[in-house]
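**Student:** Input: one structure, supplied below.
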Amino acid sequence: MSFADFISLGPLITLFTAVVISMLLIAIKRNHRITYAFSLLAYLMALTAIIPAALYIPHAVPPLLVVDEFSLFNTGLVLTSGFIILLLSYNYFEEREERKEEYYLLLPLATTGALVLVVSRHFMSLFLGLEILSISLYGLIAYLRARERSDEAGIKYLILAALSSAFLLFGMALVYAFTGHMDFPGIGAALRQAGYIPVTVLAGFGMMLIGIGFKLGVVPFHMWAPDIYEGAPLPVSAFIATISKGGMLVVLIRFYVDIHGNDYSMIWWMLAIVAVASMFAGNWLALTQQNIKRILAYSSIAHMGYILVAFLSGVQTGLEAISFYLVAYFITSIGAFGVLIVMSSSVQDAETLDDYRGMFWRYPWVATVFTAMLLSLAGIPLTAGFIGKFYIVMAGVNGHMWFLLFMLVINSVIGLYYYIRIIAMMFKAPATGEVTYIKPSLPVAGNITLMLLTLVLIGLGVYPTAMMQLIQQMMKMIV
Amino acid sequence: MDIAFIVAALIAVAATVRVVTCYNIMHALLYLVVSLLAVSVVLYTYGAPFMAVLEIIIYAGAIMVLIIFFVMMLNLGLETAEHEKAWLRPRIWIVPGLFCIVLLGELLYLILQNKQPAAGIQVVPPKQVGMALFGPYLIAVELTGILLMAGIVGAYHLGRQHKKTLHRFLENNLNT
Amino acid sequence: MNLHPTTAGLLLAGILFVLGLISVLIRRNIIFMLLSVEIMLNAAGLAFVVAASHWGQADGQVMFMFILAMAAAEVSVGLALILQLYHQLRTLDSDEASRMNG
Amino acid sequence: MILLLLIIIPLAGGLLSWIAAARNTLWSRYIALACLLVDLAITAQIWATHPASGGRWLYQYKTDWVPHFGISLNLAMDGLSLLMLILTFFLGTLAVLISWKEINQRAGFFHFNLLFVLAGITGVFLTMDLFLFYFFWEMMLIPMYFLIGIWGHENREYAANKFFIFTQAGGLLMLLAILALYFIHGANTGVYTYDYFSLLNTPMQQETARWLMLGFLVAFMVKLPAVPFHTWLPDAHTEAPTAGSVILAGLLLKTGAYGILRLVLPLFPEASAYFAPWIMFLGVLGIIYGGMLAYAQTDLKRLIAYTSVSHMGFVLVGAFSFNALAYEGVVMQMIAHGISTGALFIIAGALYERIHTRNILEMGGLWSRMPVMGSAAMIFVMASLGLPGLGNFVAEFLILLGSWQANRWITVFAAIGLVVATAYSLRIMQKVFFGQATRQYALPDLNRRELLIIVALVMAILLLGLHPQPVLKTSQKTDYVVR
Amino acid sequence: MLPALIPAIPFLGACILMLCWKRVSRSAVTVIGCGSVALSAIVALIVAAAVAAAGKEPVVQHVWQWIQVPGFAAGIDFRMDVLSVVFVLVITIVGFLIHVYATGYMHDDEDYGRFFACMNLFVGSMLVLVMADNLLLLYLGWEGVGLCSYLLIGFWYKDPANNYAARKAFIVTRVGDTAMAIALFLLFEHMGTLNIQRLLQEAPVLWAKGDPMVTLIALLLLGGAVGKSAQLPLQTWLPDAMAGPTPVSALIHAATMVTAGVYLIARMHVVFELSPAAQTATAVIGAVTLLMAGVSALVQTDIKRVLAYSTISQIGYMFLALGCGAWSAAIFHFVTHAFFKALLFMGAGAVIVALHHEQDMFKMGGLKKMLPGVFWVFLIGCASLTAIPFITAGFYSKDQIIWLSLAAAGGHKAYWLAGMLGALLTGMYTFRMFFLVFYGEAKTKVHHIPGAVMMVPLYILAVLSTVAGFIELPHTLGHVTLFSHWLLPVLPAVQLAVDSMALEWISQLASVVLALGGIWLAYVWVIKRPQGMVDFLSMPGQVWLQGCWRRGWDMDALYDALIVQPFVYLSNVNRRDLIDKIYTGTAQLMEACHNLMARTQSGILRWYIMGVVLGAVAILSVLIWRLHTVS
């Protein structure tokens, strides 16, 4: 590995090194606070490492990895999200689990997996990144051993993830068998050269889609999502909702672009069906759901459907839209889970709708944040989610996908119902009589984080230009 | 078509079918080992001697042993077999089985669509593998390290026995 | 039989893969499920090696090794989890682990 | 710049009054009132001084917002906008005043929402950028949703949800149409922009234009509301607090009409002409169907709500007549309906405050106890049935006069709608104020604050009826699509 | 400035009264209420003099521009020409008298001020109606008087029946108004203006005689007129309108507002002249109405309803005259009718007040001695209504109509016969009422003798009912044409088809005989042989017929069944808005989908794996399917 390789992969290496060091720290002395602080520092350092890496872009580390603007952008996104999730985690674990320190190993490890995904352009690194992510997540999901649902969620995720990995691998093998390449550009070139796409390769793509679809949580590979969101610790749910999905999406984009996915109508059709099914399933499932974690899970299914619409538009705007949407979605999801976290008591998660009854009148600021997040999910102006959805619709219109857009509109309307249901619940008058509410922990760090997230959310909603320019620049490079 | 391949393939499939149908978990595991051994022969016939060895050592040798050890530790023998018998009713497996058969049919059909020019099996010697592994794929090896570390940390955290002494809050909760 | 060797290898891998899949589907015992997933992973690995032999490349074999490593990690974490679950539920029935639904 | 100020004042005022409410709710009320009065003064000043002749645009303000997409902060005011703004701030001021005593809970947040709705409406009336239009269009929903959902009556949540979902659904279709227009324009001219003026003459296929036009139209018809998209309205109006009902009926519905005038017709003249008979048919259907529904209601606010459906049918009929007379009438109708229906809601609200029911079967004989309120109600009921001398008559007459040239049968049925209007309007008076009092109430008549509001409204509706010329003249500063 | 003052003063009075009648004393209300009308009357006289002085040139005044948009303009413009002068004078003078009378009649009412506010408003609106220079302003007055009529019929709002009557009056007239509005649209479409003078000037240029368009317009205008003037088929509201206080009935539902239709047709006579069909329609409507209403009046028990039907009948005469082209005759009858019908109503009002708001004639009787003043004026009114020859105004006006319905160019024998029969009926019902009220034994005690305030207007009107006829005398009796001559600048002289003095004599004689015959029949019926009549009337079939007549030929029931009930039924069926069901249905569908989907989230791991497998099968199936369709 050359010096340039080191610098380019700086964020990844920094983070992983930090994990090793922090493991040693834990071995020396178990201390929640120190480990926490060190992990935060690690993330910050990894974020800083992006700056020198940016000097070398675009830089390929053949054959596995490539560091370009797109990957650096997403590296930054992943790291920032991880950092925020970590910020929100401290109080959550403080009183729930006696052994909290391993969390600070597993979370950066999972983040590392996502970072690998973000920079990978090869089946091998894709697979390894995915598995690093998955295996860390097994541990994270089941982290709270005292909680009944954790194990259930963990085992479900484990079996399904392994199963879908198997599909992914088999699909990769098929592709490899008929193209002789495992790196994305190579596959693309081979297919171009062949002039046609062998059926078996298509079958391989189809099976890979299962593996990818599982991670993205799209129909019909979505069923795990609500159970895992419900069973996992809240920060981990936030992680799964954002980083895990985002990393996969990034690699999917790269793959799709490199193999010139637009050339193959078959893939388009598969994704289109999946997109429509995801939108409907997600929104229908969430409609009268009482558990907010599950609502968020279902909503994320629907959101992946929306993203796929942009994906399918086959225009550069679509990819830009995905990137923007991803940013908005990250902020929003983390914000929403963040609210759940700060509203949870030290032992019990605030997850049912009733826990939020009249919340606006008791905790106006947190409720405002939550409202902003939900409105962003619903795509209402003044929030980043609006611009994101606008961007997606714009891409769709640009690609003349009227049917898909129409479905999107219908689903946005359905989706609206359950978002405002939560909002309405928060604005209801508090229940009269003897009702014991969960006593929220409301940690200071969490509150500040949420406030900042809200500011960014609204900032992006009001002035998205800078972000858009960045994304456009970056997408020009990869297409 | 190599006879060795055909024989090994048949054994592998047969053994795997037994894994699927066997009630006793120990038997199933042993059948799986047989299947893995047969697969290792297949690997060998496909010019991957090193992989064949690894298959035996790691899969059959390490992973299966781990599982067997685990099963023995939990002492799951007979009781589980009874359960399996009770659970494996046609009513339960017929529909999924059908779908899987369909899937199998489709998969095989698609694989058979292969129109590549026939090329012989090329042996890839272990040295070449080693060169690749520590040449271009060095980073991948590093990543595998990370992967295993994640596995270890996860298994360590999850595998530890519960202490009955819970956190004070949880304790209160349980008491009340 | 005049099968293309790559095709033959892939067919075997496909059969093993689906057998594993059937097993995952019809078994309720979680250990069996884990086992079956291993079959599937192994089949995928086999497919890689077969493909590698077609192209005469080492890449497929390298991939096989990584799959092996991943399978090992998977099993270790999986067994740890199953252990936890067994302690809680006193059963390995995966259908029992369905307290979350809706 | 002054246009931007018009939007910023209520926004800032909203925040300020929310914050101030923590100290003293009275401050909050005064701040809200002051903001709206300032805006009202500004617009009135513009109205009073704007040159009779000269260009169409009184003010323009343009600055980049998201240049990446060709989105700009493009505000402009012509006669139509000016009139709508005056109406907005006028009714806004009244809305603050009527909430003075009615809203005691969370007054700060109430004013925050109220002012934000008004800011959104102001934005809609001012913006000349389609993206921005959509932005404001959606922006006013949320605070309105809160106004209904928090301070509404018993069934408020259902109503608020319904309102929100309906308007969102329409809005999203409009978004699709806006974007399609954007790309078509971009593809044809190479300039990707949301600028209204640039998009005005986008060349496109007739077929496409028709679809896009429908996208816009549905959004506006939901808001208007036209049959068959009207069913959110009775619920929302009924459940909203008085101020909410006033804003809804007086202003929100007008944004739909405004959208038709500003966007649908100029952007798609051919397509509009193509669909005009059908849309006019829907309009007249609304007039009669809404009227019949109004007649059957027992809930006073619901009754008034359905009268809105009926009256807004006239707007639809007029707007698609492509006739200068009808356009003038539509503008008049927007203003007059805003005032008369707003006033009726205020009266309904005042009644509710006194007798705690909206069921007209439980009322009766209230004239003797509240003669002033009764007289006021009589005036607005008469306005609602189109009595000459009051604003609505001028509006409806001009609309019918104009639409007669476009489609006779539609006009005949619309005119028959006036008979239905008589039936339901008089029913209000008969059930509420006439007859024997069923219960013994000790009812105070209008107090000084209410009197001030009502007098302002009466003056307005009388002026509109007897001397509508200033309004008509101002509205002529807008270029309508005339065939 | 003067013409505008005429309606402005009553409006001002109305405004003042509306705003502060609770705060000023009753006498102040009286002064404002009556004073404004009196002032208005004085101004009207001055303007009339000015018109006369200017050689009957109209006085036009533009007050302000009401509506001006491209292509259309309408101003608040008043125009006093000879026709308007006649109406204005009648309205203000009779109005003033009725106001004065009302100060007595309404003296004890708690809403005294409101009453005068509405009355003033009415006078103002009515003046706008007759002075308007354009049809839009006319329409304003037209609807304004409708509003006042509504307010005053329902003046005693506590009784739901009154409100019902008020509402009915408003809605039924609104139906006619709608027709009129459409006529306005048509006029505007073809002429581009609603200015009456320009319309009248340009109509003959634009249309040939008998043009279908002009017929349509004329018929629609007629629709408006029949609504307001309570002619067939929209006459049903007027009898119910008697629910209002009696001065209201006198002013609005006898003297002025109900004749607005007559005014409209006379005003738009050019249009009607262009359309013989519409003229025929007018005449036929008038003839049929006068007969039907006359028959109905015959069997009423309520004194005010008799007068109401009589009003309908008399306006029928006016319509008949209009239909025959005898414009000035119609207006002349309007004037005399205003006098004697106001007199009769107020006389009836005096009786009603005296009997403590008893309106049933069969509970009256023998009042001749108790209320001699009322008796005499009532007698004069009855005589005038019955058209007793030579000494009553009614004779001159009505006789002219009967004669012209035969002799005029648009006349017809059938019209004449109807007029004749009407004369008989008039005599019968008038004197049946008269005898029932003033003769026979007293059935109700007199509570209250009407004072001077009430009686003086009666006396004045009695005089007017007598002498007003002398301004227009037939050929046979001196041939004075002051009135028709006065109207000549506006209303053309009647075209005579038959001009035979002998025939006119015969006609007059016949009508006199019939009128007197009617009186005689009434005498026999009520006083001489009441029992015989009772026997006759209780014959089978007769009872039903009588009931039918009493109910105004059951037109109410007919409309009720045909229009009102279906409307109410449909409204009530749809109260919950069926269209909403589409949306709630969609919502329910969504919920059903949710429930369906939620069942897939069973929480069972194997089921989830099944999902994955299904997905795999689906993907590969799509692939194979596409493969075959593509290749």
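Chains as they are written, first to last, in my numbering: chain A, 36 to 514; chain B, 336 to 511; chain C, 798 to 899; chain D, 7 to 489; chain E, 159 to 789. Here a beta-carbon is modelled for each residue, glycine too, at the ideal position from N, C-alpha and C.
What residues from chain A crowd round Ala485/B, counting only those whose CB sits closer than 8 Å?
**Tutor:** Leu141, Leu144, Ala145, Gly148, Ile167, Ile170, Ser171 and Gly174
**Student:** Which residues, in chain order, does the stretch 322–342 of chain A contribute to contact with chain E at a C-beta distance below 7 Å?
**Tutor:** Leu322 and Thr323
**Student:** Would you say Ala776/E lies against chain C (beta-carbon separation less than 9 Å)?
**Tutor:** no
**Student:** Under a Cβ-count criterion, where at least 16 other Cβ atoms within 10 Å of its own Cβ denotes burial, should Phe385/B be classed as buried or exposed?
**Tutor:** buried
**Student:** Closest to Ala88/A by CA distance: which of Val374/A, Ala39/A and Leu122/A is it?
**Tutor:** Minimum Cα distance to Ala88/A is reached at Ala39/A.
**Student:** Please confirm whether Tyr741/E has its beta-carbon closer than 9 Å to some beta-carbon of chain A.
**Tutor:** For Tyr741/E, the answer is no, since every Cβ of chain A falls outside 9 Å of its Cβ.
**Student:** With DSSP as the reference, identify every bridge partner of His106/E, one or two as the case may be.
**Tutor:** What is shown of chain E runs 159 to 789, which leaves residue 106/E out entirely.
**Student:** Should Ile109/D go down as buried or exposed, given a rule of 16 or more other Cβ atoms within 10 Å for buried?
**Tutor:** buried
**Student:** Cβ atoms of Ser380/A and Asn433/A: under 9 Å apart, would you say?
**Tutor:** no
**Student:** Give the straight-line distance between the Cα atoms of Phe41/A and Ala177/A, rounded to the nearest whole angstrom.
**Tutor:** 34 Å
**Student:** Would Gln885/C count as contacting chain A if we go by Cβ distances under 9 Å?
**Tutor:** yes
**Student:** Of all the CB atoms in chain C, is at least one closer than 9 Å to the CB of Met466/B?
**Tutor:** yes
**Student:** Please list the partners that Asp890/C has in chain A, where partner means a Cβ-to-Cβ separation under 7 Å.
**Tutor:** Those do not exist, as Asp890/C stays about 11 Å from chain A at its closest Cβ, beyond 7 Å.
**Student:** Hey, would you say Ala354/D sits closer than 9 Å to Ser251/D, going by beta carbons?
**Tutor:** yes
**Student:** Within a Cβ cutoff of 6 Å, which residues of the same chain sit near Val682/E, ignoring the five residues on either side of it in sequence?
**Tutor:** Answer for Val682/E: no residue qualifies.
**Student:** Assuming Leu501/E and Leu616/E make a contact with CB atoms under 8 Å, what is their CB distance in whole Å?
**Tutor:** 6 Å
**Student:** Our contact map puts Ile456/B next to Tyr381/B with C-beta atoms below 8 Å; I'd like the distance itself, whole angstroms only.
**Tutor:** 6 Å
**Student:** Hey, how far is the Cα of Pro452/B from the Cα of His801/C?
**Tutor:** Put simply, the backbone Cα of Pro452/B is about 9 Å away from that of His801/C.
**Student:** Could you tell me the alpha carbon to alpha carbon distance between Ile398/B and Thr49/A, rounded to whole angstroms?
**Tutor:** 32 Å
**Student:** Considering only C-alpha positions, which residue in the set Leu46/D, Arg62/D and Ala38/D is nearest to Leu121/D?
**Tutor:** Ala38/D
**Student:** Output, in chain order, the set of chain A residues within a Cβ distance shorter than 8 Å of Glu163/D.
**Tutor:** Ala459 and Lys463
**Student:** Going by beta carbon distance, what residues of the same chain come within less than 6 Å of Leu480/E, once the five residues before and after it are set aside?
**Tutor:** Ile423, Thr440 and Ala488
**Student:** Within the 9 Å Cβ cut-off, does Ser779/E reach chain B?
**Tutor:** yes
**Student:** What's the gap between the Cα of Ala564/E and the Cα of Phe641/E?
**Tutor:** Here the sequence assigns Leu to residue 564/E, which means Ala is not the residue at that position. Those two C-alpha atoms are separated by around 21 Å.
**Student:** So, helix, strand or coil for Gln226/E, using DSSP?
**Tutor:** strand
**Student:** Within 10 angstroms of the Cβ of Ser183/E, are there 16 or more other Cβ atoms? Answer buried if so, exposed if not.
**Tutor:** exposed
**Student:** Considering only their Cβ atoms, is the gap separating Met90/D from Phe131/D smaller than 9 Å?
**Tutor:** yes
**Student:** Please decide whether Gly899/C counts as near chain E, where near means a Cβ-Cβ distance under 9 Å.
**Tutor:** yes
**Student:** Whose C-beta lies closer than 6 Å to the C-beta of Pro149/D among residues of the same chain, with five residues either side of it excluded?
**Tutor:** Asn119, Phe122 and Val123
**Student:** Go to Ala439/E, then tell me how far its alpha helix (DSSP H) extends in each direction, as first and last residue.
**Tutor:** Pro434 to Leu456
**Student:** Just curious, the beta strand (DSSP E) that Leu100/A is in, first and last residue?
**Tutor:** Leu100 to Val102
**Student:** So the candidates are Leu47/A, Asn482/A, Val479/A and Ile247/A; which of them puts its Cα closest to the Cα of Glu477/B?
**Tutor:** Closest option to Glu477/B, Cα to Cα, is Leu47/A.
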